[in-house]
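What follows is a set of notes on a single structure, which appears directly below.
Number of protein chains: 2
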Amino acid sequence: PSASAEAEARAHQTQLTKPAGSLGRLESLAVAFAGFQGCVKPTLERIVIRVFAADHGIAAQGTSAYPQEVTAQMLANFCHGGAAVSVLAGLLDADFRAVNLGCVGKVAPHKNLIDNTIASATADFSSAPAMTAERLSAALNAGFAQAQQGDLFIGGEMGIGNTTSAAALLAALFHLAPEAITGKGTGIDEATLARKTQLIGKALKLHRDQLTNPAAILQRLGGFEIAALVGAYIGSAQQGVPVLVDGFISTAAAAIAVALQPTLAPWLLYAHLSNESGHKLALNKLNAQPILALDMRLGEGSGAALAAGVVRQALALHNTMATFADAGVSHAD
Amino acid sequence: PSASAEAEARAHQTQLTKPAGSLGRLESLAVAFAGFQGCVKPTLERIVIRVFAADHGIAAQGTSAYPQEVTAQMLANFCHGGAAVSVLAGLLDADFRAVNLGCVGKVAPHKNLIDNTIASATADFSSAPAMTAERLSAALNAGFAQAQQGDLFIGGEMGIGNTTSAAALLAALFHLAPEAITGKGTGIDEATLARKTQLIGKALKLHRDQLTNPAAILQRLGGFEIAALVGAYIGSAQQGVPVLVDGFISTAAAAIAVALQPTLAPWLLYAHLSNESGHKLALNKLNAQPILALDMRLGEGSGAALAAGVVRQALALHNTMATFADAGVSHAD
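For the record, the sequence lines run as chains L and F.
According to the working numbering, the first sequence is numbered sequentially starting from -1.
According to the working numbering, the second sequence is numbered sequentially starting from -1.
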């Protein structure tokens, strides 16, 4: 991001007809986008949303409230416009596509669907590495290929079992106890939560000697859609396109991406604090200040799409409010 | 609000293609609007925004960072579209007007300005009642007259010195120590904050024997624009129009309104947690859960206008997401 454009935008904010600082987070969002776009009056027009979906071997252990076939069913729902993120993408007039990295169910071709099938699912990481190095590479590349010019990139994810994977990734990366980071995902009961937590502990033990760097952690414990998010975040930042990171699973992808490439960090904004219990801890580890906190826990990029609306309002204020001089309003004493 | 429409909307939410409860606050907002509109699929089209402005005698004591002439200058800025709330009203395509209840500076006529001048300012409430019973009545009526049919009412306020009045109102109503509720308003220094807090303490002592009911509290310590907000909230609720309450000063008006008329409470939603230090305490006293927390402290209705965007997104999701049956997506196990 351009420090000089940020400074110019900060100076512009002090001229607007309001007490200095009184628009709070809206001011810092406008300043951040000035830095991203290298100009004092940034705009948020072209928003690219990609929802990556894949199935998880770990789901065979029964860690989710939903059957695995839902991943493919929801891919179709994304394409047909019925899912939450599809509705929000329509409101934002975003460029929206769903990307299939591989799921157990069949998905019919559709103009909004990109087929990047790697395998029908990852392996069950409680007993084997989730994926081979080749498959990790394919997933990272599939995500990287979706990065493109625009004012904002939003990545979403779908995959029955993927909060289990995300919790394992965060536990390994930040050396957290499984109990501290594992939550109820789509809504499991206490007994299933206990089993899910135990499974993560088992996997951390099994792969312990290999969990020495972020790529290895992702290969051993990740999912194809999570790796695709990592690739997409890295690709977007390389093209100077900022990213609104969604909820718990996307934050796990962001944590891996930043660990792989620390220069990425300034290009990532965190959309919201999710209701998934480990999200607050993960955001704290990343020093991230989420924009919204609406008790959401849906994923798909839905929280990020909501926050994009707030960014648009912030930029409209920054760009079109009158200055003290324009409006003939007196400054503070 | 209609309990049966709320129940129908809650049942509809369980059919949408997402884990139950995963849209968090967005679900409860949709259910609340179903209750307000008495139908399972509510919409947020007509939004009425009125910004009430007036000057305060207490400002002579130097409790604000801005000179008193700013109230009239900002009234003109509201009308010409340069203020934050004007920009946000434009984005919402809202019906927007500024209402002058009386200020020290001159305000030129404008098609967006409603002139309800009562006096050039209230009296300094640290040495006299802020207003007579007749003036209180005029201000309440002026606000009440702005209530009208629509899907949502947003009230804003402007008045140099009005965080002092709002803090005094909340202290009297909820029996709070001035230190607990008094904040820095538009951005005063520590010495001015100490003086502002002392002045409120002095006023609470002076009027002590009369602060026995909400109307008397409002007459002794209030402002014309705050009384107008009270009238507008009561009028809106009487017409079955919900209100998004803005920040600290609007919350003081809401607290008085609810104390005057407890049946009003279900019609009030609280838009955001402001950065003004006493706001959290005031919201807690009202059992209010704000929708946003963006460190704003501008007033004018700006936080409520931002939150209205979130409500629109919530209703779009509620009304247009696919159901499990429509989309052929499996339910939870």
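Note that CB positions come from ideal geometry on N, CA and C, so glycine has one too.
Beta bridge counterpart(s) of residue 45(F) as assigned by DSSP: Position 47 of the second sequence holds residue 45(F). Residue 45(F) is bridged by DSSP to 150(F).
Spatial distance of residue 181(L) from residue 287(F) (CA atoms): Locating residue 181(L) in the first sequence gives position 183, counting from the first residue. Locating residue 287(F) in the second sequence gives position 289, counting from the first residue. If you draw a straight line from the Cα of residue 181(L) to the Cα of residue 287(F), it is about 24 Å long.
For residue 64(L), the three-state DSSP class (helix, strand or coil): Position 66 of the first sequence, counted from the first residue, corresponds to residue 64(L). Here residue 64(L) carries a coil assignment [DSSP, helix/strand/coil].
CB contact below 8 Å: residue 168(L) versus chain F: Reading the first sequence from its first residue, position 170 is the one you call residue 168(L). Not an interface residue.
According to DSSP, residues forming a beta bridge with residue 268(F): Taking the second sequence and counting its residues from 1, the one referred to as residue 268(F) is at position 270. Note: residue 268(F) sits in a beta bridge opposite 243(F).
Three or more C-beta pairs below 8 Å linking the region 208 to 218 of chain F and the region 182 to 200 of chain F: A contact is defined here as three or more CB-CB pairs under 8 Å, and the region 208 to 218 of chain F fails this definition with respect to the region 182 to 200 of chain F.
Identity of the residue in 99(F), 143(F) and 205(F) nearest residue 124(F) by Cα: Along the second sequence, read from residue 1 onward, the residue named residue 124(F) stands at position 126. Of all alpha-carbon atoms in 99(F), 143(F) and 205(F), the one lying nearest the alpha-carbon of residue 124(F) is that of 205(F).
Proximal chain F residues relative to residue 328(L), where beta-carbon distance stays under 8 Å: For the purposes of this step, residue 328(L) is identified with residue 330 of the first sequence, where counting begins at 1. Residues of chain F passing the Cβ test: 64, 65, 67, 68 and 71.
Helix, strand or coil at residue 211(F) [DSSP, three-state]: The sequence position of residue 211(F) within the second sequence is 213, counting from 1. It is coil, neither helix nor strand.
Buried versus exposed call for residue 127(F) [16 or more other C-beta atoms within 10 Å across all chains shown]: What you label residue 127(F) is simply residue 129 of the second sequence in a count that begins at 1. In this structure residue 127(F) is buried. Its beta-carbon is surrounded by 16 or more other beta-carbon atoms within 10 angstroms.
CB of residue 251(L) within 8 Å of CB of residue 228(L), strictly: Position 253 of the first sequence, counting from 1, holds the residue named residue 251(L). Position 230 of the first sequence, counting from 1, holds the residue named residue 228(L). Remark: C-beta atoms of residue 251(L) and residue 228(L) approach each other more closely than 8 Å.
Reference residue 130(F), options 142(F), 245(F), 117(F) and 163(F), closest by Cα: Counting from 1 along the second sequence, the entry for residue 130(F) is found at position 132. Out of 142(F), 245(F), 117(F) and 163(F), 117(F) has the C-alpha closest to the C-alpha of residue 130(F).
Status (buried if at least 16 other CB within 10 Å, exposed otherwise) for residue 326(L): Residue 326(L) sits at position 328 when you count from the first residue of the first sequence. Exposed is the call here.
From 6(L), 231(L) and 121(L), residue whose alpha carbon lies closest to that of residue 33(L): Against the first sequence, residue 33(L) aligns to sequence position 35. Of the candidates 6(L), 231(L) and 121(L), the one whose C-alpha sits nearest the C-alpha of residue 33(L) is 6(L).
For residue 307(L), the three-state DSSP class (helix, strand or coil): Within the first sequence, numbered from 1, the residue matching residue 307(L) stands at position 309. In this structure, residue 307(L) counts as helix in the three-state DSSP scheme.
Residues sharing a beta bridge with residue 100(L), DSSP: For the purposes of this step, residue 100(L) is taken as residue 102 along the first sequence, with counting starting at 1. DSSP output for residue 100(L) lists 52(L) as bridge partner(s).
Cβ-based burial, residue 240(L) [other Cβ within 10 Å; buried from 16]: In the first sequence, counting from the first residue as 1, residue 240(L) sits at position 242. Flag for residue 240(L) reads buried.
Span separating the alpha-carbon of residue 1(F) from that of residue 31(F): Your numbering for residue 1(F) matches position 3 in the second sequence. Your numbering for residue 31(F) matches position 33 in the second sequence. The straight-line gap from Cα to Cα measures roughly 11 Å.
Contact the region 65 to 78 of chain F vs the region 287 to 304 of chain L: 3+ CB pairs below 8 Å: Output reads no: the region 287 to 304 of chain L does not touch the region 65 to 78 of chain F.
Residue 51(F) versus residue 112(F) - alpha carbon distance: Within the second sequence, numbered from 1, the residue matching residue 51(F) stands at position 53. Within the second sequence, numbered from 1, the residue matching residue 112(F) stands at position 114. In a straight line, the C-alpha of residue 51(F) is about 10 Å away from that of residue 112(F).
Own chain, CB closer than 6 Å to residue 293(L), minus 5 neighbours either side, in chain order: Mapped onto the first sequence, residue 293(L) falls at position 295. Cβ within range, chain order: 273.
Residue 233(L) to residue 226(L) span [Cα, whole Å]: Against the first sequence, residue 233(L) aligns to sequence position 235. Against the first sequence, residue 226(L) aligns to sequence position 228. Rounded to the nearest angstrom, the two C-alpha atoms are 10 Å apart.
Three CB pairs or more closer than 8 Å across the region 159 to 168 of chain F and the region 52 to 67 of chain F: Contact between the region 159 to 168 of chain F and the region 52 to 67 of chain F is present, because at least three Cβ pairs lie under 8 Å.
Unbroken stretches of the alpha helix (DSSP H), 4 residues or longer, contained in the region 183 to 239 of chain L: DSSP runs (the alpha helix (DSSP H)) wholly in the region 183 to 239 of chain L: 188 to 204, 212 to 219 and 222 to 236.
Reduced DSSP secondary structure (H/G/I, E/B, other) of residue 254(L): Position 256 of the first sequence, counting from 1, holds the residue named residue 254(L). Three-state DSSP puts residue 254(L) in a helix.
Contact list for residue 23(L) against chain F, beta-carbon separation under 7 Å: Counting from 1 along the first sequence, the entry for residue 23(L) is found at position 25. Simply 292 and 293.
Proximal residues to residue 191(F) (C-beta, below 8 Å), its chain only, five neighbours per side dropped: Start at 1 with the first residue of the second sequence, and residue 191(F) comes out as number 193. Scanning its chain for C-beta atoms nearer than 8 Å, with the 5 sequence neighbours on each side dropped, one finds around residue 191(F) the residues 180, 181 and 182, in chain order.
Meets three-Cβ-pair contact criterion under 8 Å: the region 168 to 175 of chain L and the region 258 to 272 of chain L: With a cut-off of 8 Å, the region 258 to 272 of chain L and the region 168 to 175 of chain L do not count as touching, because too few Cβ pairs lie within range.
Sequence-distant residues of its chain with Cβ nearer than 8 Å to residue 315(F) (five each side left out): Numbered from its first residue, the second sequence carries residue 315(F) at position 317. So the list reads 14, 21, 24 and 28, once near-sequence residues are dropped.
Presumed contact (8 Å Cβ cut-off) between residue 298(F) and residue 154(F), rounded CB distance: Start at 1 with the first residue of the second sequence, and residue 298(F) comes out as number 300. Start at 1 with the first residue of the second sequence, and residue 154(F) comes out as number 156. By a beta-carbon distance limit of 8 Å, residue 298(F) contacts residue 154(F). Their separation comes to about 4 Å.
Exposure of residue 109(F), with buried meaning 16 or more beta-carbon neighbours within 10 Å: Position 111 of the second sequence holds residue 109(F). Exposed: under 16 other Cβ atoms inside 10 Å.
Where residue 203(L) falls, given that 16 or more other Cβ within 10 Å makes a residue buried: By 1-based counting over the first sequence, the position of residue 203(L) is 205. Residue 203(L) is exposed by the Cβ-count criterion.
Close-in-space but distant-in-sequence residues of the same chain around residue 223(L) (CB under 6 Å, 5 per side omitted): In the first sequence, residue 223(L) corresponds to position 225, counting from 1. 50, 51, 52, 99, 155 and 157, listed in sequence order.
Minimum Cβ-Cβ distance from residue 264(F) to chain L less than 8 Å: Indexing the second sequence from 1 puts residue 264(F) at position 266. Not one chain L Cβ lies under 8 Å of residue 264(F).
Residue 80(F) burial status per 10 Å Cβ neighbour count (16 or more: buried): By one-based count along the second sequence, residue 80(F) stands at place 82. If you draw a 10 Å sphere on the C-beta of residue 80(F), you find 16 or more other C-beta atoms in it, and that means buried.
6 Å CB neighbourhood of residue 149(L) in its chain, flanking five on each side removed: Here residue 149(L) is taken as the residue at index 151 of the first sequence, counted from 1. Taking C-beta separations shorter than 6 Å and ignoring five residues to either side along the sequence, the partners of residue 149(L) in its chain run 42, 43 and 44, following chain order.
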